Amino acid sequence: MTVEIPKETWAGSVRTVTFGATASEGGTRTRSLTVGGQKTLPFLHFEHETPHPPLVAIEIKDHRPDDWSPLLLEAWGEAANDPVNWAKAAEAVGADVLVLALSLNGVDGQPTTPEAAVAATQAVLKASGLPLMVFGPGQPEIDNVLLVAVAEATKGERLVLGICEDKNYRTIVATAMANGHLITARSPMDVNLAKQLNILIKDMGLPLDRILMDPTTGALGYGIEYGYSVMERLRLAALQGDAMTQMPMVVTPGFEAWKTKEAKVGQDVPAAWGDWRERGIAWETLTAVTLIESGADIVVLRHPESVARLHQAIQSLMALPELA
Amino acid sequence: MALTGIQIYKLLPQTNCKDCGFPTCLAFAMKLAAKQVELSSCPHVNDAAKAQLAEASEPPVRLISVKSNGYDVQAGNEVVLFRHEKTFYHKPGVFLRVRDDESAEVIKAEITRAAGFQVNYVGRDLVLDGFAVEAVTGDVSKFTVVIAAVRDVTHRPIILMSHDPAHISAGLRLLDGEHPLIYGADANNWAAMGDLARQHGAALVVIADTLDGLTDLAEKLKDKGVNDLVLAPTTHHLGTALTLNTQIRRLALKKNFRPLGYPMMTLASHAPDPAYEAMLAAQAIAKYAGFIVLGHFQPEVVYPLLVLRENIYTDPQKPIQVKPGLYEINNPKADDPVLVTTNFSITYFSVANEVEGSGLPAWLLVTDAEGMSVLTAWAAGKFDAERIAKAVKEFGVAEKVSRKRIVIPGHVALLSGELEEELPGWEIRVGPREAVDIPAFMKQVLA
Ligand code: SF4
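Protein chains in written order, with our numbering: chain C, 1 to 324; chain H, 1001 to 1447.
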């Protein structure tokens, strides 16, 4: 007998978002990248083709971080000392996208200045042709000052600026609008809060194809189930036609996984936890794989080895199933 | 899938004889649909209707048990495709595979390590569920030697893996009295495997690479009287596995398609490399597998996989919480610090483990934040100065300590001003944002 495969048909689809501008588009990137466009749940190609694969981003800093897991610093080695070498190293290990996460303070312990933020961003743009996201240190007033300077200095590059939150989105959205950039909107693991923030940003006049959303996730063992289900619900809502949930999703499993004790700490932990290095990479990659299955369009990672693993998974998930 | 009252009514005699205690057959049918009465209350229903009603009342995904003395690994009885719709019920059993081309000594050493593996996660001990023995040499005696070696070390349930009925038969004889899982029945051996499964009361895995193939075999085996089946699509490819598992679960739940209404098995063990194996197993946990077979025992990978399984199978309607209160860690005295956090159990255990690990005594004040983490609770207004002050009073903290010093999580540093007003006379300190940094904070800042 031939089994009839049940197929869902959806009224809505995920919005297509393109970032990074090439020379002909007014920027300096070697290519632009597009995410979104799905008309089904992740990788169900038997219902509809998946137009764009999820992307793997690598997070780099403007200078060597002092609070990262020693495993990460060891893996990046000297490259982590400055954003130029770090960007090149990230591109060399196959990252699709770079995320430059600006630090609160410079190496001298003084607050990062707008000039320093611009210099770091421009250095990264010069070092690598990959599309770039720039995240502020995560403190509203400082983020605003730094990101406005960065946005103005890189007009036309179609960067993704982050992170917009409900308490702090106006300035970043305004500068993205004025300078031809995109933004990412983060909300704390809640479908309605995600929608609300998207509405506020849309109401400021930023075109919807310049908005990514970050519904926030927890690492494996630290609340991933909440992030996972919120992402599934957002994606289902998008497919059902709710326009304010149709933004492609970017999440930061690298940040989440590498702050867990399991990934960060190698000493004085139970022997049953096994090899530290492999545990850290597994924590990050398994968190990331689980999230692309629930709808993530961009996963931001930290360990170089995780890039290849995620690409291997994505390639397999994007291939048409071998249904004999 | 459950029938509606009207559908049930059509199967009843429709004579309204009242023998069931209800005025009409329709009234009885409605009660039956609501599962408030038993079908046996109607003495007049015929056998054909009975069979149809019994079939319809079966769960869409049959519950399958794999047992050995004292152990019972169950999969099935799932009712939703997405965990937020209700919950996933039966965590997939995670088994480690060994092969019969290894000596009994090597196998024993490996199984001893794996059977002894145990990690603690939010107060629960996580272990592997059992072992799979795969025949690769073609020598039945080697197969049974390895099974016996496993049984020398552990009593946990076993999956017997071979396409040869003679191997399986020998294995079943060795495991007499248990209910192992047989892997499995394919297009060539299904009749003999079906007989063995029935004779030994063992569940049988159906192996095929398409839905049509699985359906065909499952129906033939069902006709033979083999009721306890597990479906194993033969793929070790993430994309294909996702597609087939999704289609099978949808057919079972949405179409009540009986031939595929069984738990599924994922053979991560057959993945091309250990990193891919881990990702395939992770996908299987989120996407509907009932049994997962691993090929490598790597504690650093088994640990996150078992944790992921706990996470995905957490009931989303009930946040996991601990009881609010004042907890004593490392025997605190009156001048030791008070650390405050929320009653979300992941938060509580992260903090408690770190304080305990630091070796330094402290009081841990756990507030009622309705089971939310620090940041989520703060955003939702469930973890603020007022609530912290309330907990300080409610649990009599001031009576326990002489030095009134309270440490709040770094994520809510901005509460310190308000908290000073709420708790006059207390010294408010801002701790680190992440639990992992607590020991250093306690040693350097609080010492
Ligand atoms: S006993 Fe059976 S036939 Fe009689 S009223 Fe009840 S349901 Fe109908």
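Glycine included, C-beta positions come from ideal geometry on N, C-alpha and C. For clarity, every value in this text was computed on a predicted model and none was experimentally measured.
- The three-state reading of DSSP puts Ser1065/H in strand, counting E and B together.
- For Phe1383/H, there is no enclosing alpha helix (DSSP H), since its DSSP letter is neither H nor E.
- Contact holds between the segment 1407-1422 of chain H and the segment 1377-1393 of chain H, because three or more Cβ pairs, one in each stretch, are under 8 Å apart.
- In the DSSP annotation of this structure, the continuous segment of the beta strand (DSSP E) that includes Ala296/C starts and ends at 296-301.
- Not a single CB atom of chain H sits nearer than 9 Å to the CB of Met244/C.
- Under the three-state reduction of DSSP, His1179/H is assigned to strand.
- Under the Cβ distance rule, Ala176/C does not count among the residues neighbouring chain H, no pair being separated by less than 9 Å.
- Taking a C-beta distance under 9 Å as the contact criterion, Val14/C and Leu239/C qualify as a contact pair.
- Leu161/C is bridged by DSSP to Val134/C, Ile183/C.
- Assigned with DSSP and collapsed to three states, Tyr1313/H falls in coil, not helix or strand.
- DSSP places Phe1257/H in the coil class of the three-state scheme, outside both helix and strand.
- Below the 9 Å Cβ cutoff, chain C contributes Ala282, Thr285, Leu286, Val289, Arg309 as neighbours of Ala1278/H, in chain order.
- Less than 9 Å divides the Cβ of Glu1277/H from the Cβ of Gly1295/H.
- Taking Val1080/H as the centre and dropping the five residues before and after it, the same chain places the C-beta of Lys1086, Thr1087, Phe1088, Leu1253 closer than 8 Å to its C-beta, in chain order.
- Within 8 Å of the CB of Glu278/C, the CB atoms of chain H belong to Gln1298, Glu1300, Val1301, in sequence order along the chain.
- When C-beta distances to chain H are compared with 9 Å, the residues of the segment 218-235 of chain C below that value are Gly218, Leu220, Gly221, Tyr222, Gly223, Ile224, Glu225, Tyr226, Tyr228, Ser229, Val230, Glu232, Arg233, in chain order.
- At least one heavy atom of the ligand SF4 falls within 8 Å of the beta-carbon of Val1045/H.
- Three or more beta-carbon pairs drawn from the segment 1052-1066 of chain H and the segment 1259-1271 of chain H are found closer than 8 Å, and the two stretches are therefore classed as touching.
- Taking 9 Å as the Cβ-Cβ cut-off, the segment 1302-1313 of chain H approaches chain C at Val1302, Tyr1303, Pro1304, Leu1305, Val1307, Leu1308, Glu1310, Asn1311, Ile1312, Tyr1313, given in chain order.
- Tyr226/C has its alpha-carbon roughly 29 Å from the corresponding atom of Gln267/C.
- A direct Cα-Cα distance of roughly 10 Å separates Ala1192/H from Ser1169/H.
- Below 8 Å, too few C-beta pairs join the segment 1235-1245 of chain H and the segment 1199-1207 of chain H to call them touching: fewer than three.
- Val124/C and Ser187/C have their C-alpha atoms spaced approximately 28 Å apart.
- The C-beta distance from Tyr1121/H to Val1307/H rounds to 5 Å, short enough to fall under 8 Å.
- Residue Ala153/C holds the alpha-carbon nearest to the alpha-carbon of Val118/C among Thr2/C, Ala153/C, Asp143/C, Thr171/C.
- Judged by beta-carbon spacing, Ala257/C lies beyond the 9 Å limit of Asp214/C, meaning their Cβ atoms are not closer than that value.
- The contact set of Glu293/C on chain H, defined by CB atoms closer than 8 Å, consists of Leu1242, Gln1283, Ala1286, Lys1287 in chain order.
- Put simply, of Leu1053/H, Leu1221/H, Lys1220/H, Ala1208/H the residue whose alpha carbon is nearest the alpha carbon of Thr1240/H is Ala1208/H.
- Distance from the CA atom of Leu1446/H to the CA atom of Glu141/C, rounded to whole angstroms, is 30 Å.
- In the displayed model, Asn168/C falls within a strand according to three-state DSSP.
- Taking non-hydrogen atoms of the ligand SF4 into account, the C-beta of Lys1035/H is found less than 8 Å away from none of them.
- Chain-ordered, the chain C residues with CB closer than 7 Å to the CB of His1084/H read Ser229, Glu232, Arg233.
- Beyond the five residues adjoining it in sequence on each side, Arg302/C comes within less than 6 Å, by CB distance, of Glu59, Leu72, Gly254, Trp258 in the same chain, given in chain order.
- At a cut-off of 9 Å between beta-carbon atoms, Gly274/C makes contact with chain H.
- Taking the Cβ of Phe1028/H as the reference point, at least one heavy atom of the ligand SF4 falls within a distance shorter than 8 Å.
- Note that the C-beta distance between Gly136/C and Leu147/C is below 9 Å.
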